[in-house]
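Comments concern the structure below.
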Amino acid sequence: MLGKLIKYDIKYGIKIFTLLHVMALISCVVIRFFFINPIDFSTLTDAIILKLVFLVVFLSILFSAVSFGTTAIYTVRFYKNLFSNEGYITWTLPVSSAQHFWAKILSATIWYVLDNVIILFCSWILLSGNNVLAAYEKISPELESTLGMPISHLFWICILTSFFGLLATISIFYTSVAIGQLFPEHRILCSVITCFVIYMVIQILCVIISFKHNMLLTVNASITTKEYLLRTLPEISIFTLIFSCIGLFITYHIMDKKLNLV
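To convert a position in the sequence shown, counted from 1, into my numbering, add 1310.
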């Protein structure tokens, strides 16, 4: 039954997900062949730099919008399927609260992983041109010396920490929706406010952790970027894991004990 629940969750948002990511792929292909390929990085001018800045801003907005759209898909599904009028039908199914809970966690994980894989593929499309690779070869020794590690190591560190980002994202939105349903009126607004509060608390605590290590970096300038990351990221990751588990526990408790569809 768990498999069927996941199947229906995926089926719910597949059209929107496909549309968003096809648009992102087409945009990246167009940018690669019509804007990036013609650039000669060996003779950078102010006009080219301005063009690159515009591209970076546009792509940042594009990827953020696509990722937010993916998050909205499984968050809206979580709300509509379990806490709206549709919940009256959902909760009559011969399925336990635990099965509903894990179905939503696993379906959101699938969306999150697919979204990140496609965005990585889009990035590869943008950066795999001969002119970009040639420019990278020229700056890579200095860049890797500054980082204190090869770019490939930084890539895998980012991939590893994205797992904690997955847990945090799901936990923030699911917990916010679940807490919002405890209020008698304006539940969506209460969920949005709760989401904002939880996100701000997490960000403030992460900034505090980072600030502590930034002070250490200021005192000891010999610390490399690699050493800084290896000191900072484990603390932030552990904190994120603990916070996410607490949020998911609260979500499950509300689903199992405090459900109120009125």
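C-beta: ideal position from N, C-alpha, C; glycine also.
Subject >> Beta-carbon proximity check, L1312 vs A1413, cutoff 7 Å >> reply: On the sequence shown, residue 1312 is found 2 positions in, with the first residue counted as 1. On the sequence shown, residue 1413 is found 103 positions in, with the first residue counted as 1. In terms of Cβ geometry, L1312 and A1413 form a close pair [threshold 7 Å].
Original post:
Quick one: what's got a C-beta closer than 8 Å to A1334's C-beta in the same chain, skipping five residues either side?
Top reply: Taking the first residue of the sequence shown as position 1, residue 1334 is located at position 24. Correct list, in chain order: L1372, F1373, V1376, I1428, I1429, C1432.
Subject >> Three-pair Cβ contact test at 8 Å for the segment 1347 to 1366 versus the segment 1391 to 1401 >> reply: The segment 1347 to 1366, when compared against the segment 1391 to 1401, does not touch it at the 8 Å Cβ threshold.
Original post:
Should the segment 1557 to 1569 be regarded as contacting the segment 1474 to 1491, the criterion being three or more beta carbon pairs within less than 8 Å?
Top reply: A contact exists between the segment 1557 to 1569 and the segment 1474 to 1491.
Subject >> Burial state of M1510, where buried means 16 or more other Cβ atoms lie within 10 Å >> reply: Translated into the one-based positions of the sequence shown, residue 1510 becomes position 200. Under this definition M1510 is an exposed residue.
Original post:
Rounded C-beta distance between T1385 and Y1422? I'm assuming under 8 Å.
Top reply: If you number the sequence shown from 1, residue 1385 lands on position 75. If you number the sequence shown from 1, residue 1422 lands on position 112. Their Cβ separation, rounded to whole angstroms, is 12 Å, which puts T1385 and Y1422 out of contact at 8 Å.
Original post:
Hey, does I1336 have any beta-carbon neighbour from chain C nearer than 7 Å?
Top reply: The chain inventory of the structure shown lacks chain C, comprising one protein chain alone.
Subject >> First and last residue of the uninterrupted alpha helix (DSSP H) at G1397 >> reply: Numbered from its first residue, the sequence shown carries residue 1397 at position 87. Per DSSP, G1397 belongs to the alpha helix (DSSP H) from 1397 to 1400.
**OP:** Give every residue of the same chain whose Cβ lies closer than 6 Å to the Cβ of V1405, excluding the five residues on either side of it in the sequence, and list them in chain order.
**Re:** Taking the first residue of the sequence shown as 1, we reach residue 1405 at position 95. In chain order, M1311 place their CB closer than 6 Å to the CB of V1405, counting only its own chain and leaving out the 5 sequence neighbours on each side.
Subject >> Alpha carbon of V1332 to alpha carbon of E1447, nearest angstrom >> reply: On the sequence shown, residue 1332 is found 22 positions in, with the first residue counted as 1. On the sequence shown, residue 1447 is found 137 positions in, with the first residue counted as 1. Taking the Cα positions, V1332 is about 31 Å away from E1447.
Original post:
So, using beta-carbon positions, are I1519 and I1546 closer together than 7 Å?
Top reply: As a first step, residue 1519 must be located in the sequence shown, where it is residue number 209. As a first step, residue 1546 must be located in the sequence shown, where it is residue number 236. Less than 7 Å divides the Cβ of I1519 from the Cβ of I1546.
Subject >> Cα-Cα separation between C1505 and N1440, rounded to whole angstroms >> reply: Here residue 1505 refers to the residue found at position 195 of the sequence shown. Here residue 1440 refers to the residue found at position 130 of the sequence shown. If you take the alpha carbons of C1505 and N1440, they lie about 43 Å apart.
Subject >> Host alpha helix (DSSP H) of H1463 (start-end) >> reply: For this step, residue 1463 is matched to residue 153 along the sequence shown. Segment 1461 to 1490, the alpha helix (DSSP H) holding H1463.
Subject >> Presumed contact (8 Å Cβ cut-off) between I1349 and I1358, rounded CB distance >> reply: Locating residue 1349 in the sequence shown gives position 39, counting from the first residue. Locating residue 1358 in the sequence shown gives position 48, counting from the first residue. Taking a contact as a CB-CB distance under 8 Å, the pair I1349 and I1358 counts as one, their CB atoms being some 6 Å apart.
**OP:** Going by CA-CA distance only, name the one from A1408, F1553, I1512 that's closest to D1566.
**Re:** Stepping through the sequence shown from its first residue, residue 1566 is reached at position 256. Ranking A1408, F1553, I1512 by CA distance to the CA of D1566 puts A1408 first.
**OP:** Taking the CB atoms as reference points, tell me whether Y1562 and F1411 lie closer together than 7 Å.
**Re:** Translated into positions along the sequence shown, residue 1562 becomes position 252. Translated into positions along the sequence shown, residue 1411 becomes position 101. Result yes, Cβ atoms of Y1562 and F1411 sit closer than 7 Å.
Original post:
On the three-state DSSP scale, how would you describe D1425?
Top reply: On the sequence shown, residue 1425 is found 115 positions in, with the first residue counted as 1. Reduced to three states, the DSSP call for D1425 is helix.
Original post:
Is DSSP giving L1392 helix, strand or coil here?
Top reply: As a first step, residue 1392 is located in the sequence shown; it is residue number 82 there, counting from the start. Helix at L1392.
**OP:** State the Cα-Cα distance for the pair Q1513 and V1366, rounded to the nearest angstrom.
**Re:** Position 203 of the sequence shown, counted from the start, is the residue given in the question as residue 1513. Position 56 of the sequence shown, counted from the start, is the residue given in the question as residue 1366. Roughly 24 Å separates the two Cα atoms.
Subject >> Assigned secondary structure, E1495 (DSSP; H/G/I helix, E/B strand, else coil) >> reply: Your numbering for residue 1495 matches position 185 in the sequence shown. In the structure shown, E1495 sits in coil (DSSP, three-state: anything other than H, G, I, E or B).
Original post:
According to the Cβ coordinates, are C1338 and I1435 closer than 7 Å?
Top reply: On the sequence shown, residue 1338 is found 28 positions in, with the first residue counted as 1. On the sequence shown, residue 1435 is found 125 positions in, with the first residue counted as 1. Note that the C-beta distance between C1338 and I1435 is below 7 Å.
Original post:
Whole-angstrom Cβ separation of I1564 and L1453, contact assumed at under 8 Å?
Top reply: Within the sequence shown, residue 1564 is the residue found at index 254, counting from 1. Within the sequence shown, residue 1453 is the residue found at index 143, counting from 1. Between I1564 and L1453, the beta carbon gap of about 47 Å keeps them out of contact (Cβ cut-off 8 Å).
**OP:** Name the residue from P1544, T1542, L1571 whose alpha carbon lies nearest to the alpha carbon of E1495.
**Re:** Position 185 of the sequence shown, counted from the start, is the residue given in the question as residue 1495. Nearest option by C-alpha distance: L1571.
Original post:
Along the chain, where does the alpha helix (DSSP H) that runs through M1333 open and close?
Top reply: Along the sequence shown, one-based indexing puts residue 1333 at 23. Element bounds for M1333: 1312 to 1341.
Original post:
Is DSSP giving L1571 helix, strand or coil here?
Top reply: Looking up residue 1571 in the sequence shown gives position 261. Three-state result, L1571: coil.
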